[in-house]
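Numbering-wise, the sequence shown is residues 194 to 857 according to my numbering. Yeah, the Cβ is synthetic: ideal placement off N, Cα and C, and Gly gets one too. Being a predicted model, the structure only gives us computed values, none of them experimental.
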Amino acid sequence: MPKKLKPILLEDIALYQIPSNLKYSPDGRYLAFEVTRADLEKNDYHTDVYVAEDGSARRVTWSIDAGIVLWDDSETLILRRSLPDAKPGTTELFRLSMRGGEAEPWVTLPFPLRQMEKAGEVYAVTGSIRLSDPDAYLDTPEARKEKEEKEKEEQDYHVVDEVPYWFNGAGYINGRRSALFSLRVEDGKPVCKRLTAPAFSVDSLCADGDMVYYAGTERHSRESLYNQLYAWNTVTGKRETLWRKGGYSFGGLFALDDQLYAHASDMKAYGVNQTADICAVEKNSVRKVFVPPVTLYSSVLGDTAEGSGGTYTGEGAYLTLATVEDHNAIFSLSPAGDGSLACRTLWEQPGLVCSMTASKDRIAMIYQGWNHVAEVFEMNRDGSGMTQLTHLNEAALEGRYVAEPKRVDYTSDGFDLHGWVLLPQDYSPRKAYPAVLDVHGGPRCVYGETFFHEMQLWAARGYVVCFTNIRGSDGRGDAFADIRGDYGGVDFRNLMDFMDAVLAAYPNIDKARLCETGGSYGGFMTNWIVGHTDRFCCAASQRSISNWVSMSFISDIGPYFGPDQCGTEGLFGDKNTEALWAHSPLKYAKNAKTPTLFIHSEEDYRCPLPEGMQMMQALTDNGVETRMVIFKGENHELSRSGKPKHRIRRLQEITDWFEKHTRV
């Protein structure tokens, strides 16, 4: 008889060490990355820097939290470190030599750093400035101290006069812009010069030799979805406008063989979630050279892995992550004879890749399969010879039961779809089990065959856990993902058909003990479900949307996202209001009977707190059993990067709610 494995525990989520921010040295000899670990005693996180060489990784920072900025040369890493006595509004940079020794202080930037690229003899830097005081970076120490004292007098007030005035994870951003600076270091001191207008905000930046390319736009009172493209020659100092006509949202800039490319979307066919085309950009010219069939980043979800991007340009190719149906792949794009970019797949397999980079002969990535938490892997440049570099999380899962995803195929609304179930240890067809349906966010995200702590916990508690990718999900192109104007329609039918398929495949699931949960879009769907069916014995709605009318007027992305997703032409007028309200779960709250738990964060500016409050109050007024837990100091990312104790409490609340309503 096989030995019984230990169950995944709720508090295990604080044991995982999560790698991120991969960067190869210019010569490819070293691979640097960060590792974040929880500190339950302080209810916080610590981040350390590791360096791998010849297939072996070692930790290189110990005393103070550090983050990687860039490689200054093949032997020197520039770090930003969080010091207890750091001056507010500044960024302290350190240099760490691969020859040994601790990181040494280098320069203190007179603004909060966002991005830094080396461009010939100078650095191109983006940093946060105030529209009302754009040259504060030039202040003397005395002037800076005087302004700090005045700010203390204003700390009890927020004054807003533009939209968005707040942003999830960044707090109140009214009057703040991301400026482009040139940076030189002379006699150990930074010499900075702001290059963009006070109202201009940089959205994307890349450096190619002495050239710096950047996309952005000036913002006055209201944010635009479109931006412009510019070039800066760091030798001559000349700045040139490449595209100012508007009509495109540019991002993901890269240069390949002296040609500038951008991920560009006109948002005409599929709205704000439209996949960007890759375009070759020259002065007053934007030309499509590759139309991606899928998203060129990772939208596979997890609650133990950070990051979603990964690109590399060099050796005649542009490498990028892609989301293919329910997993990730690495695409290589190279110039073809007709001026387009030809695409081939270097690597592809089930699971989640949350970060990727490359050197001239190696590819590194952070990969997570169904049976392990994120680790750093390396492979050859052609995608072969994948080997594991780190073993950060093996001890946390040693001897634990990890449920393997079992695929369930089904058809709904004419589409061939599939999902998975996780079965409890020693699962028996003769025994009755409760079940949990978990709905992902986005909606343009996907579930895959990857480790998900909350789902593994519920499987360990004896639940059959069900999850699927319905219409609106990513990985199958824009047409599949486009549910604008049909929220609560085809997506709801897909979910109900999936549950029918799961119950047919596993008839011993107790239909009277079905639970449901989801966050963000999944929270919207939870609110929608309880107003449209009574098949679930309880539900847990997380960081949800209940009212598209109110959400559109208070969310950081609301003014454009709400009307776009509900298929309206704007925010005003009876016709638009009626459409927004028709897709609002709050409209149908009078039908709800399902006991519902609400989880929301006080500083969630993506799906603001009143969205959960409205639905909770409506259900309570209707006599439905409810409970709401509000997390102070947290935002929309509570489940992924909230404080350790808060993440544990969130999961405890949901699990207790399920167990209360499924207890026999």
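Exercise for the section: Pick out the complete beta strand (DSSP E) segments inside the stretch 337-379, 3 residues or longer, and give them in chain order. Expected result: Positions of the beta strand (DSSP E) runs, each at least 3 residues long and wholly inside the stretch 337-379, are given as 369-379 in order along the chain.
Handout entry: Proximity below 8 angstroms, CB of L422 to CB of A455
Key = For L422 and A455, yes; Cβs fall inside 8 angstroms.
Problem - Nonlocal neighbours in the same chain, by C-beta distance under 6 angstroms from W299, ignoring five residues either side - result: Setting aside the 5 residues that flank it on each side, W299 is surrounded in the same chain by L286, F287 and R288, each with a C-beta closer than 6 angstroms to its C-beta; the list follows chain order.
Practice task
Just tell me which of E709, S713, S739 and D749 has its CA closest to the CA of C730.
Solution key: The shortest Cα separation from C730 among E709, S713, S739 and D749 belongs to E709.
Exercise for the section: Decide if the stretch 612-626 is in contact with the stretch 646-658; the criterion is three or more beta carbon pairs, one per stretch, under 8 angstroms apart. Expected result: By the criterion of at least three beta-carbon pairs nearer than 8 angstroms, the stretch 612-626 is in contact with the stretch 646-658.
Handout entry: Bounding residues of the beta strand (DSSP E) (the contiguous stretch that carries R600)
Key = Note, R600: beta strand (DSSP E), K599 to S605.
Practice task
Specify the secondary structure class of G755 as computed by DSSP and reduced to three states.
Solution key: When DSSP states are grouped into helix, strand and coil, G755 belongs to the helix group.
Exercise for the section: Excluding the 5 residues preceding and the 5 following M460 in the sequence, name in chain order all residues of the same chain whose CB lies nearer than 6 angstroms to its CB. Expected result: The beta carbon of M460 lies closer than 6 angstroms to those of Q467 in the same chain, with the five residues before and after it left out.
Practice task
Below 6 angstroms CB to CB, which residues in the same chain sit around T434 once its five sequence neighbours on both sides are set aside?
Solution key: Y423, listed in sequence order.
Problem - Proximal residues to G670 (C-beta, below 8 angstroms), its chain only, five neighbours per side dropped - result: Here the set comprises T468, P486 and V487.
Problem - Any beta strand (DSSP E) of 3 or more consecutive residues that is wholly inside the stretch 614-697 - result: If we require 3 residues or more, the beta strand (DSSP E) runs fully inside the stretch 614-697 come out as 626-632 and 657-661.
Exercise for the section: Taking the CB atoms as reference points, tell me whether V517 and G668 lie closer together than 8 angstroms. Expected result: Yes; because the gap between Cβ atoms is below 8 angstroms, this pair is in contact.
Problem - Pick from V482, K438 and G503 that is closest to K476, judged by C-alpha positions - result: Ranking V482, K438 and G503 by CA distance to the CA of K476 puts K438 first.
Exercise for the section: Could you tell me which uninterrupted alpha helix (DSSP H) segments, each at least 4 residues in length, are contained entirely in the stretch 529-590, listed from first to last along the chain? Expected result: Those alpha helix (DSSP H) runs which fall completely within the stretch 529-590 and span 4+ residues are 587-590.
Exercise for the section: In the DSSP assignment, find the unbroken alpha helix (DSSP H) run with F791 in it and report its ends. Expected result: In the DSSP assignment, F791 falls outside any alpha helix (DSSP H) and lies within the beta strand (DSSP E) extending over T789 to S794.
Exercise for the section: Let me know if H854 comes out buried or exposed under the rule of 16 or more other beta-carbons within 10 Å of its beta-carbon. Expected result: By the neighbour-count criterion, in which 16 or more other beta carbons inside 10 Å mark a residue as buried, H854 falls on the buried side.
Practice task
Return the first residue and the last residue of the beta strand (DSSP E) that A456 is part of.
Solution key: Checking the sequence shown, residue 456 turns out to be His, not Ala. Where H456 is concerned, the enclosing beta strand (DSSP E) stretches over Q452 to S458.
Handout entry: Inter-residue Cα distance where the pair is R637 and Y714
Key = Approximately 9 angstroms between the Cα atoms of the pair.
Practice task
Find out if the Cβ-Cβ distance for the pair L233, P837 is shorter than 8 angstroms.
Solution key: Going by C-beta atoms, L233 is nearer than 8 angstroms to P837.
Exercise for the section: Inspect the beta-carbon positions of S739 and L688 and report whether they are closer than 8 angstroms. Expected result: Using a Cβ distance threshold of 8 angstroms, S739 and L688 do not count as a contacting pair.
Handout entry: Span of the beta strand (DSSP E) around W436
Key = It spans R432 to W436 - the beta strand (DSSP E) in which W436 sits, taken as one unbroken run.
Exercise for the section: For V384, count neighbouring Cβ atoms within 10 angstroms of its own Cβ and tell me buried if that reaches 16, exposed if not. Expected result: Counting Cβ neighbours within 10 Å, V384 comes out exposed, since fewer than 16 surround it.
Exercise for the section: Within the stretch 397-427, note down every full beta strand (DSSP E) run reaching 3 residues or more, in order along the chain. Expected result: 404-411 and 421-426, all fully within the stretch 397-427.
Exercise for the section: With DSSP as the reference, please indicate the residues paired to P298 in a beta bridge. Expected result: According to DSSP, which records beta bridges pairwise, P298 is partnered with F287.
Exercise for the section: Measuring alpha carbon to alpha carbon, tell me which of L263, D247 and R230 ends up nearest L215. Expected result: For the options L263, D247 and R230, the alpha carbon positioned closest to that of L215 is the one of L263.
Handout entry: The beta strand (DSSP E) enclosing Y223, as first and last residue numbers
Key = Note, Y223: premise wrong, no beta strand (DSSP E); not H, not E.
Handout entry: beta-carbon G576 near the ligand GTP non-hydrogen atom, thresh 7 angstroms
Key = Here there are no bound small molecules, and the ligand GTP is not part of this structure.
Handout entry: Spatial distance of M718 from S777 (CA atoms)
Key = Approximately 10 angstroms, taken between the alpha carbons.
Problem - Best match in N420, S743 and H793 for proximity to V822 [C-alpha to C-alpha] - result: Of the listed residues, the one whose Cα sits closest to V822 is H793.
Exercise for the section: For the alpha helix (DSSP H) holding L203, just list the boundary residues, first then last. Expected result: In the DSSP annotation of this structure, L203 is not part of any alpha helix (DSSP H), being labelled neither H nor E.
Exercise for the section: State yes or no: is the C-beta of M291 within less than 8 angstroms of the C-beta of E314? Expected result: The Cβ-Cβ distance between M291 and E314 does not fall below 8 angstroms.
Practice task
Report back the beta-carbon spacing between D757 and W359 to the nearest angstrom; my notes put them in contact at under 8 angstroms.
Solution key: Taking a contact as a CB-CB distance under 8 angstroms, the pair D757 and W359 does not count as one, their CB atoms being some 20 angstroms apart.
Exercise for the section: Report, in whole angstroms, the separation of the C-beta atoms of S397 and G364, which I expect to be a contact under 8 angstroms. Expected result: About 22 angstroms separates the Cβ atoms of S397 and G364, ruling out a contact at the 8 angstroms cut-off.
Problem - Three-state secondary structure assigned by DSSP to F717 - result: F717 falls in the helix class under three-state DSSP.
Practice task
Whole angstroms is fine: what's the gap from L453's alpha carbon to R337's?
Solution key: In a straight line, the C-alpha of L453 is about 39 angstroms away from that of R337.
Practice task
Would you mind reading off the limits of the alpha helix (DSSP H) that contains Q210?
Solution key: No alpha helix (DSSP H) contains Q210, which DSSP labels as neither H nor E.
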